[in-house]
Amino acid sequence: MEADPSSSTGQHEDDFRAAPPEDARQTAMSGPLNIRGERRPPPMQRAFSRQVSLGSGVTVLGMDRAGRNGGGRGQRALPRSGTSLGVLNHSGALGAAGGDGAARRGDFSMFRTKSTLSKQNSLLPTRIRESDLDLPTHVEDQSVGRPPAEDPLDKSVPAGRYFAALRGPELDEVRDYEDILLPKDEVWPFLLRFPIGCFGVCLGLGSQAILWGALAASPAMRFLHVTPMINVALWLLAVAVLVATSVTYALKCVFYFEAIRREYFHPVRVNFFFAPWIAAMFVTIGLPRAYAPEPPHPAVWCAFILPLFALELKIYGQWLSGGKRRLCKVANPSSHLSVVGNFVGAILAARVGWAEAGKFLWAIGVAHYIVVFVTLYQRLPTNEALPKELHPVYSMFIATPSAASLAWAAIYGSFDAVARTFFFMAIFLYLSLVVRINFFRGFRFSLAWWSYTFPMTTASLATVKYAEAEPCFASRALALSLSLMSTTMVSLLLVSTLLHAFLWRSLFPNDLAIAITKDRQNGAVKPSGKGKRTSKRVHDIKRWAKQAPLSLVSSITKTNSADKEEEEEKTE
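Counting along the sequence shown from 1, when you hit position 65 you're at 65 in UniProt numbering, and nothing is skipped either side.
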């Protein structure tokens, strides 16, 4: 047997092939002797090839038909996709002589929409027929009872897996010891690099358009002499960004729907699916009065609130059902985005003249805001540990009470005691974050930072409304200072976004968060099943011996329920 150097140098594979069948004379002379002492030719031997991919650990056994020149046509090479998981690239597998650059590229088709992928596969050349590959009997027998290979995108990634594998303000950076499904050193397609967090830009610009419209029309802030043209310019910019972002993300939904599913399972990004509808309502509320003095039509409110309400039924149902994505498992400060939409919808309902619908949404928002606020404040032992890198997201805390106060004032027509109660809550949370300025330092720029400007702008709007209800120097100074802070933050982020987009060209890096594996592939080996439960029970016995009888009973109940939950998760 002789080795083929071409396959080993190109794809890190060891290829052992049988001698070519052209040497008929030599093989005939080297055959065994029969009874008469004559040498008989050896039986026809089929070329046996064994390819081992060092990158993926996958072994492919192939038997080529005798009589083919060199037996090279029937071989199937396993191209290296650029990852340690070795996801097979079907287009690269067709080129067995391979080893070229196309075969080593990442398999981005795994995140494509299923219908799009099947349509593309139908345009490919006909694959090798199974009849052309005569596998040995023992290989066929071993593969009969073996379960099919598991699709890495078949099942949803648990919420705790995202917290364990990722870090960063939006859980968008992969930890050093983790592996991903796609190559890190290769530039991914643009749509794969376009995250749902881009709608944070629309939130920031849309809320700023509302703020400058309020500053121009508020009697309490008349001393600033703000021109309404600032509101018009910001509104046009917000509409343009919203349309561009929506079209781009719609294309991502068409071509890379599997990546959308990964973002939906992400405990932080799932809340940003509310952002497009909130941003659209911001644009409607901030419509310049000079060009649209009449209130918008109720159909506009229905068009924006229906998809948001359907998403709420799904997300709130997961919180209530107590499954793997119950609130205590996935709660993080960005969960406030799923609540803010109710208050923004209530404000728009009051604008179109549907006060009862606004009251309905306001009640839903308050009920779930209390639950989210208490869950985040307590951080129960059953919660997933909140990483330190998520501290900048704490600015979301001030968005919900500010929006609740504005919604109440819009529905009932006055900034009364209820609206002021939520306003004072927002001001206290705002001050508690300002004194902890270190939470917001030392993190790299990201488009998701735009979503942190909208809570500051919402607090500024509530302060302007409070200054109208209580016109004095302190209220006006507070409204002016908060408005300047939010506008300064938006201006800085706008400049940084333009620099990263056109000068440094680093605005859309590879979205590593959607490519993590369902389970950890390397690192410390976790104890399996029985051994893990045994060590846990030994530890529990030692702990129980030091407890009182009543606490012993309660701890036994908790341990049994935890073991039962682990078994249910494995069965699922």
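All C-beta atoms in this analysis are idealised placements derived from N, C-alpha and C, irrespective of residue type, glycine included.
Bridge partner(s) assigned by DSSP for residue i
{"i": "residue 180", "result": "516"}
{"i": "residue 173", "result": "167"}
Range of the contiguous alpha helix (DSSP H) that encloses residue i
{"i": "residue 489", "result": "473-498"}
{"i": "residue 280", "result": "275-285"}
{"i": "residue 113", "result": "First-last for residue 113: undefined, no H or E at that position."}
{"i": "residue 334", "result": "No alpha helix (DSSP H) holds residue 334; DSSP gives it neither H nor E."}
{"i": "residue 298", "result": "298-321"}
{"i": "residue 581", "result": "The requested residue 581 is not part of the displayed model; the chain covers only 1 to 572."}
Supposed close pair residue i, residue j - CB separation, criterion 8 Å
{"i": "residue 275", "j": "residue 200", "result": "6 Å"}
{"i": "residue 490", "j": "residue 215", "result": "That pair is no contact at about 14 Å."}
{"i": "residue 181", "j": "residue 517", "result": "6 Å"}
{"i": "residue 295", "j": "residue 394", "result": "In fact, because the Cβ distance is near 35 Å, the residues do not count as touching under 8 Å."}
{"i": "residue 454", "j": "residue 242", "result": "That pair is no contact at about 13 Å."}
{"i": "residue 365", "j": "residue 342", "result": "3 Å"}
{"i": "residue 407", "j": "residue 362", "result": "5 Å"}
{"i": "residue 272", "j": "residue 197", "result": "6 Å"}
{"i": "residue 108", "j": "residue 189", "result": "6 Å"}
{"i": "residue 344", "j": "residue 278", "result": "5 Å"}
{"i": "residue 401", "j": "residue 220", "result": "The Cβ separation is near 21 Å, so there is no contact."}
{"i": "residue 265", "j": "residue 157", "result": "5 Å"}
{"i": "residue 481", "j": "residue 457", "result": "So it is not a contact: roughly 13 Å between Cβ atoms."}
{"i": "residue 375", "j": "residue 331", "result": "5 Å"}
{"i": "residue 500", "j": "residue 445", "result": "6 Å"}
{"i": "residue 268", "j": "residue 238", "result": "Rounded, the Cβ-Cβ distance is 24 Å, inconsistent with contact."}
{"i": "residue 339", "j": "residue 372", "result": "6 Å"}
{"i": "residue 415", "j": "residue 466", "result": "6 Å"}
{"i": "residue 460", "j": "residue 483", "result": "5 Å"}
{"i": "residue 352", "j": "residue 288", "result": "Contact doesn't hold; Cβ gap of about 17 Å is too wide."}
{"i": "residue 228", "j": "residue 290", "result": "6 Å"}
{"i": "residue 508", "j": "residue 194", "result": "6 Å"}
{"i": "residue 350", "j": "residue 411", "result": "5 Å"}
{"i": "residue 286", "j": "residue 213", "result": "6 Å"}
{"i": "residue 178", "j": "residue 441", "result": "With 8 Å as the limit, residue 178 and residue 441 do not qualify as a contact, their Cβ atoms being about 26 Å apart."}
Within-8 Å CB hit, residue i to chain B
{"i": "residue 512", "result": "The structure shown contains no chain B; it holds only a single protein chain."}
Cβ-heavy atom distance, residue i to the ligand SAH, below 7 Å
{"i": "residue 359", "result": "Inclusion of the ligand SAH in the displayed structure is not the case, the ligand content being empty and no account of it being possible."}
Report task. Please determine if the segment 305-323 and the segment 252-262 are in contact, where contact requires at least 3 C-beta pairs separated by less than 8 Å. Result -> No contact exists between the segment 305-323 and the segment 252-262.
Requested in this report: Output the residue ranges of the beta strand (DSSP E) runs that lie fully inside the segment 191-267 and measure 3 residues or longer, sorted by chain position.
Outcome: none
Requested in this report: Tell me the start and end of each unbroken alpha helix (DSSP H) in the segment 351-428 that is at least 4 residues and wholly inside, in chain order.
Outcome: 355-378 and 399-412
**Report entry** Inter-stretch contact (C-beta, 8 Å, three-pair minimum) for the segment 206-216 and the segment 259-277
**Finding:** In short, these stretches do not touch, since the Cβ pair count stays below three.
Query raised in the report: Three or more C-beta pairs closer than 8 Å, one from the segment 411-422 and one from the segment 473-491: is that the case here?
Result: no
Report task. Mind the definition here: the segment 167-176 touches the segment 485-500 only if three or more C-beta pairs lie below 8 Å; say whether that holds. Result -> no
Query raised in the report: How about the segment 507-516 and the segment 158-168: do they share at least three Cβ pairs that are nearer than 8 Å?
Result: Taking 8 Å as the limit for Cβ pairs, the verdict is that the segment 158-168 does touch the segment 507-516.
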